[in-house]
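Down below is the structure, laid out as structure tokens.
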Amino acid sequence: MKPKTLVSTLISLLFQQSVFSQSEQIDNSLSLGGMILQGGWAMIPLFLCSLTLIYLLIQSYRDTTAKDFGSLQLAETIKNFCEKGQLQEAIEKTKQDSSLLGRALARGLSKMRSKRTEEANDTFEAAIAEVFETEEHAIGQRIHYINVVAAVAPMIGLLGTVSGMIGAFQTMSAGGMGRPELLAGDIGEALITTATGLCIGIPAMIAHSYFSNRLENQLVENSQRTKEIGETAQQAKEKAVSTEK
Numbered sequence: 013m014k015p016k017t018l019v020s021t022l023i024s025l026l027f028q029q030s031v032f033s034q035s036e037q038i039d040n041s042l043s044l045g046g047m048i049l050q051g052g053w054a055m056i057p058l059f060l061c062s063l064t065l066i067y068l069l070i071q072s073y074r075d076t077t078a079k080d081f082g083s084l085q086l087a088e089t090i091k092n093f094c095e096k097g098q099l100q101e102a103i104e105k106t107k108q109d110s111s112l113l114g115r116a117l118a119r120g121l122s123k124m125r126s127k128r129t130e131e132a133n134d135t136f137e138a139a140i141a142e143v144f145e146t147e148e149h150a151i152g153q154r155i156h157y158i159n160v161v162a163a164v165a166p167m168i169g170l171l172g173t174v175s176g177m178i179g180a181f182q183t184m185s186a187g188g189m190g191r192p193e194l195l196a197g198d199i200g201e202a203l204i205t206t207a208t209g210l211c212i213g214i215p216a217m218i219a220h221s222y223f224s225n226r227l228e229n230q231l232v233e234n235s236q237r238t239k240e241i242g243e244t245a246q247q248a249k250e251k252a253v254s255t256e257k
């Protein structure tokens with residue numbers, strides 16, 4: 013092999029090795045583990061925020077399922093009992109149901125039965141409202157925490173960004189101005205923490221809106237059912253009183 017050809021071959025091999033090493037370094041830096049490590053201290057609270065968000069999402073989904081609030085079948089059954097004036101049977105049926113509708117009607121109908129006709133409907137509505145408000149507060153509190161995560165996660169990411177930029181300026185003041193590779197870690201920390209905070213915060217904001225509407229819809233739907241049942245029970249009670257007279 014001629015010397016000129018040999019030199020060309022060696023230069024080509026060295027160039028290929030250099031490109032391969034650079035690409036391997038880039039791949040490692042872009043891996044998930046590398047990004048987490050490069051994010052610095054801020055990734056720890058952001059990781060805790062993500063775990064908290066997952067727990068709250070699962071719990072909020074379970075708390076806002078339709079079967080836990082009540083069913084149309086239960087409402088129709090109780091309404092039929094009330095139309096026939098069978099208030100005691102309606103109360104016994106509601107006590108067998110653990111949904112919000114069942115618990116609210118059990119309390120409301122029990123109080124309605126013990127009151128006079130003119131006070132019965134107001135007493136029923138007050139008892140129903142009390143049960144609904146307690147349930148809304150308990151479930152809404154967990155949904156509110158989703159909004160807290162949505163607000164806190166981007167702020168932690170921003171704090172990590174500030175920390176990374178401070179580190180970058182310190183590196184520059186220490187003589188790293190002419191060596192940009194020394195700034196890569198600090199700038200990477202700044203960008204990764206911001207991106208991570210937004211990746212947690214944006215889904216949390218969407219989830220908060222979704223579960224808030226889901227809770228509100230269930231409460232309104234079952235509130236309308238209790239109102240119809242209350243009116244039916246009131247009419248049946250007035251009819252029974254007029255018949256006795």
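Start counting the sequence shown at 13; every next residue gets the next number (my numbering).
Note that CB positions come from ideal geometry on N, CA and C, so glycine has one too.
Alpha carbon to alpha carbon, how far is residue i from residue j?
| i | j | result |
| --- | --- | --- |
| K96 | F223 | 38 Å |
| E240 | Y157 | 34 Å |
| I38 | A163 | Note that I38 has pLDDT 39, beneath the 50 cutoff, so the model's placement of it is unreliable and the number below is only indicative. About 33 Å. |
| Q100 | A141 | 21 Å |
| E137 | S110 | 19 Å |
| R226 | T206 | 30 Å |
| G176 | L60 | 20 Å |
| A245 | F81 | 21 Å |
| S235 | G179 | 57 Å |
| T89 | L58 | 49 Å |
| K107 | T173 | 56 Å |
How should residue i be labelled, buried or exposed, when 16 other C-beta atoms within 10 angstroms of its C-beta is the threshold for buried?
| i | result |
| --- | --- |
| M167 | exposed |
| S72 | buried |
| I70 | exposed |
| L139 | Note on identity: in this sequence residue 139 is Ala, with Leu being the wrong assignment. A139 is buried by the Cβ-count criterion. |
| L84 | exposed |
| T76 | buried |
| A150 | exposed |
| R237 | buried |
| L63 | exposed |
| K251 | exposed |
| I218 | exposed |
| T208 | buried |
In three-state DSSP terms, what is residue i?
| i | result |
| --- | --- |
| T146 | helix |
| G109 | Residue identity check: residue 109 is Asp in the sequence provided, not Gly. Looking at D109 - three-state DSSP - the assignment turns out to be coil, as it is neither helix nor strand. |
| G82 | coil |
| K96 | coil |
| T76 | coil |
Could you pull out every residue in the same chain whose Cβ sits closer than 7 Å to the Cβ of residue i, ignoring the five residues on either side in sequence?
| i | result |
| --- | --- |
| L231 | F144, E148 |
| I5 | Past the boundaries of the shown model lies residue 5; the chain is included only from 13 to 257, so the question cannot be answered. |
Contact defined as beta carbons within less than 8 Å: I believe residue i pairs with residue j. What is the distance between those atoms, to the nearest angstrom?
| i | j | result |
| --- | --- | --- |
| L171 | A54 | 6 Å |
| L86 | G120 | That belief does not hold up - the Cβ atoms of L86 and G120 are roughly 14 Å apart, past 8 Å. |
| H220 | N133 | That belief does not hold up - the Cβ atoms of H220 and N133 are roughly 36 Å apart, past 8 Å. |
Who are the near neighbours of residue i in its chain, counting only those whose CB is closer than 6 Å to its CB and skipping five residues on each side?
| i | result |
| --- | --- |
| G213 | A162, A165, P166 |
| S33 | Because the pLDDT of S33 is 39, which lies under 50, any placement of that residue in the model is unreliable, and the number read from its coordinates should be weighed accordingly. If we look at S33 and ignore the five residues flanking it on each side, it has no Cβ neighbours. |
Apart from the five residues on each side of it in sequence, which residues of its chain come closer than 8 Å, Cβ to Cβ, to residue i?
| i | result |
| --- | --- |
| F93 | L99, E101, A102, K105 |
| G242 | G120, M124, N133, F136, E137, I140 |
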